[in-house]
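Asker: If you scroll down you'll find the structure; I have some questions about it.
Numbering (the working numbering), first residue to last: 36 to 285.
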C-alpha cells in the first residue's frame, strides 16, 4: 500500500506580521478582516458587498453595518488611513483608504458616514479602500490632506535621508489624488526593482530627488526574485522546504 501526497498548493499562502494577530486593540473580527485585506494581491478590486458575501453562508453572517464598524475599528487602530480630496470648485472627490500591515501615523479624521457600497482597491503592495464622491462637509483641508498623504509616502519610501527636503518637494508638487495614486503605484514598483534592492538599497535616490525629477516615470527592471509586497521576503518555493517537490514536507 502506498501513501500518496496530494499536489502541494502553489501561491496560496503568504507571511504576515505576527503583531496583527496579537494586537489586543482589535476584536477577533477586525483582525480577520485585516488579514483578509492584506492577503489580497496587488491591483485588486472588491466591494463592501463582497465582504458581506464572504460570511453570508457562515453561522454568523456580518451585515453592512457590521462591515463598516470593523473598517472603523481598523481606522481607529491606525491600520487604515482615510483621505479625501476637494477640487478647486469645492466639489469633494473620492475617499481613499490605505491599508497597511503596520499602524500608520495618527489620522486627524473623525468618523463619518459611509456610502452604500464603496469599492476596495490596491496601491502596489498596500491595500486601499475607495469610496464614491460625496458633497457633504469636507473631512479636512487640502493642506492637511497633503501633509497626511506625505506622511504615508514617507513611511513607505525606503531612503529616510532629509525628510525636510522631501516635504518641500512634496509641497511644491502638490500632487492631486490621481497623481498621488500614481506615485504610490510607482513607489511600490520601484521598491521591488533591481536598482533599489541591490547592495542593501544604497542606490535608492533621496525622496526629494525622486519627486523633483519626476522619477516615478522611470521604468526600472524588476529584481532578480520577486519579493513579497507585504513583508519584503522572497516568495515561497518548494526547494525552501525539506523534500523539495517530491519529498516529505516535514
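Cβ coordinates follow ideal geometry from the N, Cα and C atoms, glycine included.
(1) According to DSSP, is residue 228 part of a helix, a strand, or is it coil?
(2) According to the neighbour-count rule (16 or more other Cβ atoms, all chains shown, within 10 Å of its Cβ), is residue 229 buried or exposed?
(3) Cα separation between residue 238 and residue 231?
(4) Compare the C-alpha of residue 246 against each of 63, 134, 186 and 207 and name the closest.
(5) Given 8 Å as the limit, is there contact between the region 110-117 and the region 82-95, that is, 3 or more CB pairs closer than that?
(6) Please classify residue 116: does DSSP put it in a helix, a strand, or coil?
(7) Quick one: what does DSSP say residue 134 is sitting in, helix, strand or coil?
(8) Should residue 205 be labelled buried (16 or more other beta-carbon atoms within 10 Å of its own) or exposed?
(9) CB-CB under 8 Å to residue 193, same chain, minus the five flanking residues each way: which ones, in chain order?
(10) Nearest-angstrom Cα distance between residue 188 and residue 126?
(11) Return the bridge partner residues of residue 257 from the DSSP annotation.
(12) Using only the alpha-carbon positions, how far apart do residue 53 and residue 65 sit?
(13) For residue 234, count neighbouring Cβ atoms within 10 angstroms of its own Cβ and tell me buried if that reaches 16, exposed if not.
(14) CA-CA distance, residue 105 and residue 249?
(15) DSSP on residue 74, reduced to helix/strand/coil?
(16) Nearest CA to the CA of residue 220: which residue from 191, 50 and 75?
(17) Of the residues 70, 202, 111 and 72, which one's Cα is nearest the Cα of residue 184?
(18) Does DSSP classify residue 219 as helix, strand or coil?
(19) Assuming the contact rule is C-beta atoms closer than 8 Å, residue 255 and residue 209 should be a hit. Round their C-beta distance to whole Å, please.
(20) Please classify residue 9: does DSSP put it in a helix, a strand, or coil?
Answerer: With the structure as the only source:
(1) In the chain shown, counting from the first residue as 1, residue 228 sits at position 193. Strand.
(2) Stepping through the chain shown from its first residue, residue 229 is reached at position 194. Exposed is the call here.
(3) Position 203 of the chain shown, counting from 1, holds the residue named residue 238. Position 196 of the chain shown, counting from 1, holds the residue named residue 231. Cα to Cα, residue 238 sits roughly 6 Å from residue 231.
(4) Residue mapping note: residue 246 aligns to position 211 of the chain shown, counting from 1. Closest by alpha carbon: 207.
(5) no
(6) By one-based count along the chain shown, residue 116 stands at place 81. It is a strand residue.
(7) Working through the chain shown from its first residue, we reach residue 134 at position 99. Look at residue 134 here: in three-state DSSP terms it is strand.
(8) Stepping through the chain shown from its first residue, residue 205 is reached at position 170. So residue 205 counts as buried.
(9) Taking the chain shown and counting its residues from 1, one reaches residue 193 at position 158. These residues qualify, in order along the chain: 226, 231, 236 and 239.
(10) Numbered from its first residue, the chain shown carries residue 188 at position 153. Numbered from its first residue, the chain shown carries residue 126 at position 91. Between residue 188 and residue 126, the C-alpha separation is close to 25 Å.
(11) The sequence position of residue 257 within the chain shown is 222, counting from 1. 228, per the DSSP bridge assignment.
(12) As a first step, residue 53 must be located in the chain shown, where it is residue number 18. As a first step, residue 65 must be located in the chain shown, where it is residue number 30. Computed Cα separation, rounded: 15 Å.
(13) Numbered from its first residue, the chain shown carries residue 234 at position 199. Its Cβ having fewer than 16 others within 10 Å, residue 234 is exposed.
(14) Within the chain shown, residue 105 is the residue found at index 70, counting from 1. Within the chain shown, residue 249 is the residue found at index 214, counting from 1. Each residue's alpha carbon lies about 38 Å from the other.
(15) The residue given as residue 74 occupies position 39 in the chain shown. In this structure, residue 74 counts as coil in the three-state DSSP scheme.
(16) Translated into positions along the chain shown, residue 220 becomes position 185. When each option's Cα is compared against that of residue 220, the closest is 191.
(17) In the chain shown, the residue the question calls residue 184 occupies position 149. The candidate whose alpha carbon is nearest that of residue 184 is 202.
(18) Taking the first residue of the chain shown as position 1, residue 219 is located at position 184. Residue 219: helix per DSSP, three-state reduction.
(19) Counting from 1 along the chain shown, the entry for residue 255 is found at position 220. Counting from 1 along the chain shown, the entry for residue 209 is found at position 174. About 25 Å separates the two Cβ atoms, so there is no contact after all.
(20) This structure gives no information on residue 9, because the portion of the chain shown stretches from 36 to 285.
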